[in-house]
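Chains as they are written, first to last, in UniProt numbering: chain A, 1 to 100; chain B, 1 to 100; chain C, 1 to 100; chain D, 1 to 100.
Think of the CB as a built atom: it goes at the ideal place given N, C-alpha and C, for glycine as much as any other residue.
Just so it is clear, the structure is predicted and the values come from calculations on it, not from any experiment.
Report on the structure given below.
Protein chains: 4
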Amino acid sequence: MHHYLVNASLQIVPVVRDRHPYEWVDEVIAIIQSSGIKYEVGPFATVLEGQYDEVLKVIMAVNEFLYQRGCAEWISNIQLQIRSDGDITGEEKTAKFTQP
Amino acid sequence: MHHYLVNASLQIVPVVRDRHPYEWVDEVIAIIQSSGIKYEVGPFATVLEGQYDEVLKVIMAVNEFLYQRGCAEWISNIQLQIRSDGDITGEEKTAKFTQP
Amino acid sequence: MHHYLVNASLQIVPVVRDRHPYEWVDEVIAIIQSSGIKYEVGPFATVLEGQYDEVLKVIMAVNEFLYQRGCAEWISNIQLQIRSDGDITGEEKTAKFTQP
Amino acid sequence: MHHYLVNASLQIVPVVRDRHPYEWVDEVIAIIQSSGIKYEVGPFATVLEGQYDEVLKVIMAVNEFLYQRGCAEWISNIQLQIRSDGDITGEEKTAKFTQP
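Shown next as structure tokens:
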């Protein structure tokens, strides 16, 4: 794969009964934060921005973390937006709507 | 349905060849803005917050707009988060990650 | 909106701790079955096929059911595929892969 | 990660203007078929079933294929359902609705 920036949206939906799902989500966001990747927490998902391999590495680290920590069951909802010949950034999609 | 706040994520993916899909997305966001509902544009989707009927009304207005304007084909990706006995707000999910 | 067939994918993810989420999903599928709409149960979602208004009516009936039955919280993941000038059927997308 | 079966739903939405998107989707399904993994083509997505590493390998092979073949831009919609201490199969979720 190329080394351009890709955009990914990651939503974790724990299917658990021992804790409130948000507790798992908070721990997952801490994993994302500690990875150093560019991220933006939204109400439904966290958007990641980086090279394809970096982004996949974080997504897989999250799944590995949930497994190692004993999360009973979860659904990872992932959207990957990839352009063959260039970067995709969150800013290209939102700048005109968020700048004052 | 109740009158508590619900949260919705709306992503429109035009399946078209006459224009760049982002042009349709920009027009859809203008429809959302003109509806007066609380919204937040993100890189993958726009999050709406309001009463269930209000949120559905905006989602249906978007589909109606795309049809009336002759968008050839599109996929509406909708996530609705509903709590039976209370509000769901974007803030409850993101405040701890976005405040300084 | 037009009266052509649209395709929808509906996934209900209960966020509950009192019952196993699959129990709610089974009840939702029963609502879909009793609606008379054309449907296909898949491992992640149930695909609905019908006119736009019919499909929305079923989706809203499912949300109303979950509310009336006291499901604490849920996420409805909905994909609507709409073509402005014609039908969209599940078969047009899968026939070549499922026929013997 | 463990070696239990996981379930994944993969939907590819090409953002292209040179070909009809279904042409890319057909090629992607051929990649999935040639991988040997257990799969089921649905109207919105193809469900994959296998060990976590196998499933990820196929998903990444699809992205690599689209890049090497010059698909201008695409969105991979991926749902991964993982259980920490056991298999997840499509059948456990659909058997009661599809058997005669």
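Exercise. By the criterion of Cβ-Cβ separation under 8 Å, what are the contact partners of A/Ser84 in chain D?
Worked result: Start at 1 with the first residue of the first sequence, and residue 84 of chain A comes out as number 84. Going along chain D in sequence order, the residues near A/Ser84 (Cβ under 8 Å) are Leu66, Tyr67, Gly70, Cys71, Ala72, Glu73.
Problem set entry | Any chain D beta carbon closer than 7 Å to B/Pro21 | Residue 21 of chain B sits at position 21 when you count from the first residue of the second sequence. Chain D, which has a Cβ nearer than 7 Å to the Cβ of B/Pro21, makes this yes.
Exercise. When you compare only the Cα positions, how much space is there between C/Ile32 and C/Leu80?
Worked result: Taking the first residue of the third sequence as 1, we reach residue 32 of chain C at position 32. Taking the first residue of the third sequence as 1, we reach residue 80 of chain C at position 80. Approximately 16 Å, taken between the alpha carbons.
Exercise. If B/Asn63 sits next to C/Met1, beta carbons under 8 Å apart, how far is it from one beta carbon to the other, in whole angstroms?
Worked result: In the second sequence, counting from the first residue as 1, residue 63 of chain B sits at position 63. In the third sequence, counting from the first residue as 1, residue 1 of chain C sits at position 1. Sure, about 7 Å apart at Cβ, within 8 Å.
For this session: Can you give me the Cβ contacts of B/Val47 inside the same chain, cut-off strictly under 6 Å, excluding the 5 residues immediately before and after it?
Result: By one-based count along the second sequence, residue 47 of chain B stands at place 47. Excluding residues within five positions, the ones whose Cβ falls inside 6 Å are Ser9, Glu40, Gly90.
For this session: Take the Cβ of B/Ala45 as the centre, count every other Cβ of all protein chains shown within 10 Å, and call the residue buried at 16 or more, exposed below.
Result: Within the second sequence, numbered from 1, the residue matching residue 45 of chain B stands at position 45. B/Ala45 is buried by the Cβ-count criterion.
For this session: Per DSSP, which residues does B/Trp74 bridge with? Please list them.
Result: Position 74 of the second sequence holds residue 74 of chain B. According to DSSP, B/Trp74 bridges with B/Pro14, C/Ile82.
For this session: Taking all protein chains shown into account, decide if B/Glu49 is buried (16 or more other Cβ within 10 angstroms of its Cβ) or exposed.
Result: Residue mapping note: residue 49 of chain B aligns to position 49 of the second sequence, counting from 1. Buried.
Exercise. If you compare alpha carbons, which of C/Arg83, C/Leu5, C/Lys96, C/Gln68 is closest to B/Ser84?
Worked result: Taking the second sequence and counting its residues from 1, the one referred to as residue 84 of chain B is at position 84. Put simply, of C/Arg83, C/Leu5, C/Lys96, C/Gln68 the residue whose alpha carbon is nearest the alpha carbon of B/Ser84 is C/Gln68.
Problem set entry | As assigned by DSSP and simplified to three states, the class of C/Thr89 | Within the third sequence, residue 89 of chain C is the residue found at index 89, counting from 1. Correct three-state label for C/Thr89: coil.
For this session: Alpha carbon to alpha carbon, how far is C/Ile12 from A/Lys93? Give it in angstroms, no decimals.
Result: Taking the first residue of the first sequence as position 1, residue 93 of chain A is located at position 93. Taking the first residue of the third sequence as position 1, residue 12 of chain C is located at position 12. Distance between the alpha carbons of A/Lys93 and C/Ile12: 29 Å.
Problem set entry | 7 Å Cβ cutoff, A/Val15 in contact with chain C | As a working mapping, residue 15 of chain A is identified with position 15 in the first sequence. True, the Cβ-Cβ gap to chain C drops below 7 Å.
Problem set entry | Cα-Cα separation, D/Phe97 to C/Ile75 | Here residue 97 of chain D refers to the residue found at position 97 when the fourth sequence is read from its first residue. Here residue 75 of chain C refers to the residue found at position 75 when the third sequence is read from its first residue. One C-alpha to the other measures close to 22 Å.
For this session: Can you grab the Cα-Cα spacing for the pair D/Gly42 / B/Arg17, in whole Å?
Result: Locating residue 42 of chain D in the fourth sequence gives position 42, counting from the first residue. Locating residue 17 of chain B in the second sequence gives position 17, counting from the first residue. For D/Gly42 and B/Arg17, the distance between alpha carbons rounds to 24 Å.
Exercise. Is the distance from the Cβ of A/Val6 to the Cβ of A/Ile37 below 7 Å?
Worked result: As a working note, residue 6 of chain A is residue 6 in the first sequence. As a working note, residue 37 of chain A is residue 37 in the first sequence. Going by C-beta atoms, A/Val6 is not nearer than 7 Å to A/Ile37.
For this session: Would you decide whether C/Glu23 is buried or exposed? Buried here means 16 or more other CB atoms lie within 10 Å of its CB.
Result: In the third sequence, the residue the question calls residue 23 of chain C occupies position 23. C/Glu23 comes out exposed.
For this session: Kindly indicate which three-state DSSP category D/Tyr39 falls into: helix, strand or coil?
Result: For the purposes of this step, residue 39 of chain D is taken as the residue at position 39 of the fourth sequence. It is a strand residue.
Problem set entry | Beta-carbon neighbours of C/His2, restricted to chain B and to distances below 8 Å | What you label residue 2 of chain C is simply residue 2 of the third sequence in a count that begins at 1. Simply Tyr67.
Problem set entry | the ligand ATP heavy atom lying under 6 Å from the CB of B/Val28 | The ligand content of the structure shown is nil, which means the ligand ATP is not present either.
For this session: Using a Cβ cut-off of 7 Å (strictly closer), state whether C/Ile29 contacts chain B.
Result: Looking up residue 29 of chain C in the third sequence gives position 29. No - not a single Cβ of chain B is within 7 Å of the one on C/Ile29.
Exercise. What does a CB cutoff of less than 6 Å around A/Ala72 pick up in its chain, not counting 5 residues either side in sequence?
Worked result: Position 72 of the first sequence, counting from 1, holds the residue named residue 72 of chain A. Val16, listed in sequence order.
Exercise. Looking at the unbroken alpha helix (DSSP H) that takes in B/Ala61, where does it start and where does it end?
Worked result: Within the second sequence, numbered from 1, the residue matching residue 61 of chain B stands at position 61. 52–68 is the span of the alpha helix (DSSP H), which, as asked, contains B/Ala61.
Problem set entry | Top-ranked residue by Cα proximity to D/Asp87, from D/Gly70, D/Met60, D/Ser34, D/Tyr52 | The residue given as residue 87 of chain D occupies position 87 in the fourth sequence. Nearest option by C-alpha distance: D/Tyr52.
Exercise. Which value, in whole angstroms, describes the spacing of the CA atoms of B/Glu54 and D/Ser35?
Worked result: Indexing the second sequence from 1 puts residue 54 of chain B at position 54. Indexing the fourth sequence from 1 puts residue 35 of chain D at position 35. About 46 Å.
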